[in-house]
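Following: one structure in structure tokens, then a few remarks.
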Ligand SMILES: *Cc1c(COP(=O)(O)O)cnc(C)c1O
């Protein structure tokens, strides 16, 4: 196959995948009593070449997510991001906060008080406010970062007071589950936590975004209340590292 035809084929795969996913998101939104446009559809672009990311943006994707600071900064100048949003979704090392603050629309992966304080400090320095989500380790997994569920509220209250930061919601990656019922228990726990915190009307805390659901589980995630799904391999194919 020539290089040209390989690229064309990949472009049409991306178009087909986006169409399918959009339909499934719309159906799940309606089933759960919401409108299709109530769900943010993020294209997760880690390891994906800029040419293909730009194609997804041309096809109507309005939000992308990268999980590494360096990769985001390297690709950003080559992307057609006019009017589109870009979020950081991977663990942020405190010493990289200065590089990413001001370069993304949201940091979804705030997993410690320490990193929140550094994001706040760098935001104040640059005279801006950084939107963040708190990452919750909903499955209490040692391999994952994020706040333990019982510590979310207390950390949230402290983080909400940090100047330069606006808390916009919660993010989670549940454990790999063989059964959908088990998976939905994690999603439901997240949804209940989200609603519960919202009802407390904590100053400077806006529970607008519940970020959960990836390629393998975005439909159940939406059915359980997610309004922000992060989808990579189902759009772009398996990642080649
Ligand atoms: C890679 C990644 C995703 C997307 O994963 P897929 O299974 O390819 O859809 C979502 N969220 C985070 C935080 C990721 O790092």
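Residue numbers (our numbering): 11 to 251.
A virtual CB, placed ideally from N, CA and C, is assigned to each residue, including glycine.
If you draw a 10 Å sphere on the C-beta of residue 230, you find 16 or more other C-beta atoms in it, and that means buried. Pairing residue 192 with residue 184, the inter-Cα distance amounts to about 10 Å. In the DSSP assignment, residue 125 forms no beta bridge with any residue.
When DSSP reads this structure, residue 235 sits in no beta bridge, so it has no partner. Listed as beta-bridge partners of residue 241 by DSSP are 53.
Residue 145: member of the beta strand (DSSP E) spanning 140-146, first to last residue. Non-local C-beta neighbours of residue 127 in its own chain, meaning closer than 7 Å and more than five positions away in sequence, comprise 172, ordered along the chain. Close CB contacts of residue 108 within its chain, under the 7 Å cut and outside five residues either way in sequence, are with 132 (chain order). Just so you know, the alpha carbons of residue 82 and residue 13 end up roughly 26 Å apart. Assignment of residue 156 by DSSP, reduced to helix, strand and coil, places it in the coil class. Contact between residue 146 and residue 224 is absent: CB atoms are separated by about 15 Å, not below the 8 Å threshold. In this structure, the C-beta of residue 149 stays at least 8 Å away from each heavy atom of ligand 1.
Residue 121 sits buried, since 16 or more C-beta atoms from the chains shown fall within 10 Å of its C-beta. Proximity of the beta carbon of residue 130 to ligand 1 is not indicated: no heavy atom of the ligand is located closer than 8 Å. Per DSSP, the beta bridge partners of residue 182 are 146. Contact between residue 62 and residue 32 is absent: CB atoms are separated by about 17 Å, not below the 8 Å threshold. Residue 242 and residue 186 have their C-alpha atoms spaced approximately 16 Å apart. With respect to the 9 Å criterion, residue 180 and residue 119 are not classified as neighbours on the basis of their beta carbons. Within the same chain, and ignoring the five residues on either side of residue 64 in sequence, the residues whose Cβ sits closer than 7 Å to its Cβ are 89 and 90. Between residue 110 and residue 117, the CB-CB gap stays under 9 Å. Bounds of the alpha helix (DSSP H) holding residue 79 are 79-85.
Counting of Cβ neighbours within 10 angstroms places residue 205 among the exposed residues, the total staying below 16. According to the DSSP secondary-structure assignment, residue 75 is paired through a beta bridge with 54 and 97.
Going by beta carbons, residue 149 and residue 197 fall outside the 9 Å limit.
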